[in-house]
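One structure is given here, and the rest of the page talks about it.
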Amino acid sequence: MSDSIYPEMIVIAREGCDLTQEELAIRIAYSQTKVSKIESGLRPLPSEDLPELARVLGQAPGFFSTRPPQRVMETGLYHQRSLKTAPARKLKAMDRKVDILQVRIEGLLHGLKLNVFPGFEPVEPEDAASVEDIARQIRRRWGLASGPALGLSERVERSGGIVVLLEFATPKDDGRSFHNPPSPPVIVVNRSKPGDRQRWIIAHEVGHLIMHAYGSAGRDAEREADRFAAEFLMPEEDIRPELYHPVTLERLTALKHRWRVSIQALARRAKDLGVISESRYIGIMSEISRRGWRKHEPVSVEQERPTLIDAVIQHHREGRKLSLAEVATVAKADLSSFCAMFLPGQGPMRVLSA
Ligand SMILES: [Zn+2]
Numbered sequence: 001m002s003d004s005i006y007p008e009m010i011v012i013a014r015e016g017c018d019l020t021q022e023e024l025a026i027r028i029a030y031s032q033t034k035v036s037k038i039e040s041g042l043r044p045l046p047s048e049d050l051p052e053l054a055r056v057l058g059q060a061p062g063f064f065s066t067r068p069p070q071r072v073m074e075t076g077l078y079h080q081r082s083l084k085t086a087p088a089r090k091l092k093a094m095d096r097k098v099d100i101l102q103v104r105i106e107g108l109l110h111g112l113k114l115n116v117f118p119g120f121e122p123v124e125p126e127d128a129a130s131v132e133d134i135a136r137q138i139r140r141r142w143g144l145a146s147g148p149a150l151g152l153s154e155r156v157e158r159s160g161g162i163v164v165l166l167e168f169a170t171p172k173d174d175g176r177s178f179h180n181p182p183s184p185p186v187i188v189v190n191r192s193k194p195g196d197r198q199r200w201i202i203a204h205e206v207g208h209l210i211m212h213a214y215g216s217a218g219r220d221a222e223r224e225a226d227r228f229a230a231e232f233l234m235p236e237e238d239i240r241p242e243l244y245h246p247v248t249l250e251r252l253t254a255l256k257h258r259w260r261v262s263i264q265a266l267a268r269r270a271k272d273l274g275v276i277s278e279s280r281y282i283g284i285m286s287e288i289s290r291r292g293w294r295k296h297e298p299v300s301v302e303q304e305r306p307t308l309i310d311a312v313i314q315h316h317r318e319g320r321k322l323s324l325a326e327v328a329t330v331a332k333a334d335l336s337s338f339c340a341m342f343l344p345g346q347g348p349m350r351v352l353s354a
């Protein structure tokens, strides 16, 4: 059995658990050298040790014989700039957790007939009038009326994508996306962020998926994704009439209720649209800092609630009459790791006793 194992999958699983080779070696009673040799493919994993290795790393044994995920597009790479202060090991653990997520989603979707939506067909910035024009095209393509883009996760999922909320390793890190056709594009969002931040992350990642599917060499991909998010969530035509003078914090707070974007994003939008001057913007931002709103803004926006993965799990349980443990195996995960990822606060104990 172990001759069909991909050593790289051991590395992915180990790093996804944020373990060093030494830490893994202790847990499975190997020497670090032995772990190192197995991970480099220099010696095989004894097949009788596979179940224990899988258990320690939170996977089903089948995980290790799965072909390593293709990183066709890893927009996490674009985040280097904003994340330069986050610890490298934590970021790597998160990247590997996203690889594991990809394997699990592909396992869950395997054999299901998914409708193919054109919602995420790429549009290259050089083929459009502007990044903002692409954001408007996508709003139209997705059937969004004018005004705030509400029900964002649902809209993504009806347009052919998947949104997953995950625990992130560091609060500085908050979003990822990947698209590995024919699987649908997946947007991963930090579960602990407020709703307005989650909505921004989703719109930003949609921007990457649409505009940077073929790479972004020579362009400022982060800035483009932010410009996309700004126009997608706050179309100029709709929001400009609401940003009338004087633009005060009270006014921006009222707009946050309606638009469900942060006060800081609204202030930035007012500046970018030329409604307020650079110096007025700086004044607003320092008042925001003084009030402690950079960390905790007033007006709580409901967190995102994607439903597609839940529906797929339900389909396996009810349609195919699988137990939750069997669904976890379909996803190549062990039960508790599966529940922690996809059914937080529900299992496995609660779900099993239900
Ligand atoms: Zn980005």
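Note that the sequence shown covers residues 1 to 354 in the numbering used here. The C-beta atom is built at its ideal place from N, Cα and C for all residues, glycine as well. Computed from a predicted model, the values in this text were never measured in an experiment.
Measure the C-alpha to C-alpha separation of residue i and residue j and round it to an integer number of angstroms.
{"i": "Glu237", "j": "Thr253", "result": "20 Å"}
{"i": "Arg140", "j": "Gly195", "result": "23 Å"}
{"i": "Ser2", "j": "Glu132", "result": "Note that Ser2 scores a pLDDT of 44, beneath 50, so its modelled location is shaky and nothing firm can be said."}
{"i": "Arg280", "j": "Glu22", "result": "54 Å"}
{"i": "Ile359", "j": "Ser289", "result": "In the structure displayed, the chain extends from 1 to 354; residue 359 sits before or after that span and is not available."}
{"i": "Ser36", "j": "Pro125", "result": "44 Å"}
{"i": "Ile263", "j": "Ala333", "result": "40 Å"}
{"i": "Gln346", "j": "Arg240", "result": "43 Å"}
{"i": "Gly62", "j": "Arg191", "result": "27 Å"}
{"i": "Ser323", "j": "Glu106", "result": "19 Å"}
{"i": "Arg81", "j": "Pro171", "result": "Only weak support is given to the placement of Arg81: the predicted model assigns it a pLDDT of 47, under 50, and the value that follows is read from those uncertain coordinates. So the alpha carbons of these two residues sit roughly 15 Å apart."}
{"i": "Thr75", "j": "Gly215", "result": "Interpretation of Thr75 is limited by its pLDDT of 46, a score under 50 that renders its predicted location unreliable; the figure taken from the coordinates is listed afterwards. Their Cα atoms are separated by approximately 9 Å."}
{"i": "Arg96", "j": "Phe64", "result": "14 Å"}
{"i": "Phe228", "j": "Pro122", "result": "13 Å"}
{"i": "Leu24", "j": "Glu224", "result": "40 Å"}
{"i": "Arg268", "j": "Glu39", "result": "47 Å"}
{"i": "Val327", "j": "Ile134", "result": "39 Å"}
{"i": "Val98", "j": "Leu112", "result": "21 Å"}
{"i": "Arg219", "j": "Trp200", "result": "21 Å"}
{"i": "Ile284", "j": "Pro235", "result": "22 Å"}
{"i": "Leu77", "j": "Leu166", "result": "In this predicted model, Leu77 has a pLDDT of only 48, less than 50, meaning its place in the structure is not dependable enough to derive any value."}
{"i": "Met73", "j": "His316", "result": "Low confidence applies here, because Met73 scores a pLDDT of 49, under 50, leaving its location unreliable and the question unanswered by this model."}
{"i": "Ser153", "j": "Leu45", "result": "41 Å"}
{"i": "Ser4", "j": "Thr66", "result": "9 Å"}
{"i": "Lys271", "j": "Glu287", "result": "15 Å"}
{"i": "Ala13", "j": "Glu278", "result": "47 Å"}
{"i": "Tyr30", "j": "Val11", "result": "15 Å"}
{"i": "Ala340", "j": "Thr248", "result": "42 Å"}
Taking 8 Å as the line, does the beta carbon of residue i fall inside it for any heavy atom of ligand 1?
{"i": "Glu222", "result": "yes"}
{"i": "Ala225", "result": "yes"}
{"i": "His296", "result": "no"}
{"i": "Gly215", "result": "no"}
{"i": "Gly175", "result": "yes"}
{"i": "His204", "result": "yes"}
{"i": "His208", "result": "yes"}
Just confirm the distance between the C-beta atoms of residue i and residue j, as a whole number of angstroms; I'd bet it's less than 8 Å.
{"i": "Arg136", "j": "Glu231", "result": "7 Å"}
{"i": "Ile162", "j": "Val186", "result": "5 Å"}
{"i": "Leu425", "j": "Leu255", "result": "Residue 425 is absent from the structure shown; the chain starts at 1 and stops at 354."}
{"i": "Lys295", "j": "Ala169", "result": "Not really, about 19 Å apart at Cβ, beyond 8 Å."}
{"i": "Pro306", "j": "Glu157", "result": "6 Å"}
{"i": "Glu8", "j": "Pro51", "result": "So it is not a contact: roughly 20 Å between Cβ atoms."}
{"i": "Gly16", "j": "Ala93", "result": "6 Å"}
{"i": "Ala217", "j": "His208", "result": "Contact flag wrong, Cβ pair sits at about 14 Å."}
{"i": "Ala184", "j": "Leu243", "result": "Looking at the sequence shown, residue 184 is not Ala but Pro. 36 Å between Cβ atoms; not a contact."}
Give the DSSP bridge partners of residue i, in chain order.
{"i": "Gln59", "result": "Ala333"}
{"i": "Leu166", "result": "Asn190"}
{"i": "Leu176", "result": "In the sequence as displayed, the identity of residue 176 is Arg instead of Leu. For Arg176, which the question treats as bridged, DSSP gives the partners Val188."}
Select from the options the residue whose C-alpha is nearest the C-alpha of residue i.
{"i": "Arg71", "options": "Thr248, Phe178, Glu302 and Arg219", "result": "Phe178"}
{"i": "Val375", "options": "Arg227, Arg317, Pro182 and Leu53", "result": "In the structure as shown, the chain starts at 1 and stops at 354, and residue 375 therefore has no counterpart that could be examined."}
{"i": "Ile210", "options": "Arg199, Pro118 and Ser279", "result": "Pro118"}
{"i": "Asn180", "options": "Leu144, Leu109, Lys92 and Ala129", "result": "Leu109"}
{"i": "Thr329", "options": "Gly218, Leu24, Ala54 and Leu112", "result": "Ala54"}
{"i": "Ala145", "options": "Leu233, Arg219 and Ala340", "result": "Leu233"}
{"i": "Asp226", "options": "Thr307, Val206 and Gln32", "result": "Val206"}
{"i": "Val164", "options": "Gly147, Lys113 and Arg104", "result": "Arg104"}
{"i": "Val275", "options": "Gly283, Pro298, Pro246 and Ala86", "result": "Pro246"}
{"i": "His372", "options": "Gly147, Met94 and Pro7", "result": "Nothing in the structure corresponds to residue 372, since the chain is present only between 1 and 354."}
{"i": "Ser300", "options": "Ile5, Arg197 and Arg176", "result": "Arg197"}
{"i": "Asp18", "options": "Arg317, His315, Leu57 and Ser31", "result": "Leu57"}
{"i": "Asp173", "options": "Ala86, Ser277 and Trp200", "result": "Ala86"}
{"i": "Gln303", "options": "Gln314, Ile12, Ile202 and Ala340", "result": "Ile202"}
{"i": "Glu250", "options": "Arg43, Phe120 and Trp293", "result": "Trp293"}
{"i": "Pro298", "options": "Glu318, Val261 and Gly319", "result": "Val261"}
{"i": "Asp127", "options": "Glu287, His212, Glu48 and Gln59", "result": "His212"}
{"i": "Arg27", "options": "Gly41, Glu278 and Asp49", "result": "Asp49"}
{"i": "Asp310", "options": "Arg291, Leu243, Phe338 and Thr33", "result": "Phe338"}
{"i": "Leu308", "options": "Ala340, Trp259, Ser277 and Gly160", "result": "Gly160"}
Between residue i and ligand 2, is there a pair consisting of the residue's CB and a ligand heavy atom that are separated by less than 8 Å?
{"i": "Arg43", "result": "Of the ligands one can find in the structure shown, namely ligand 1, none is ligand 2."}
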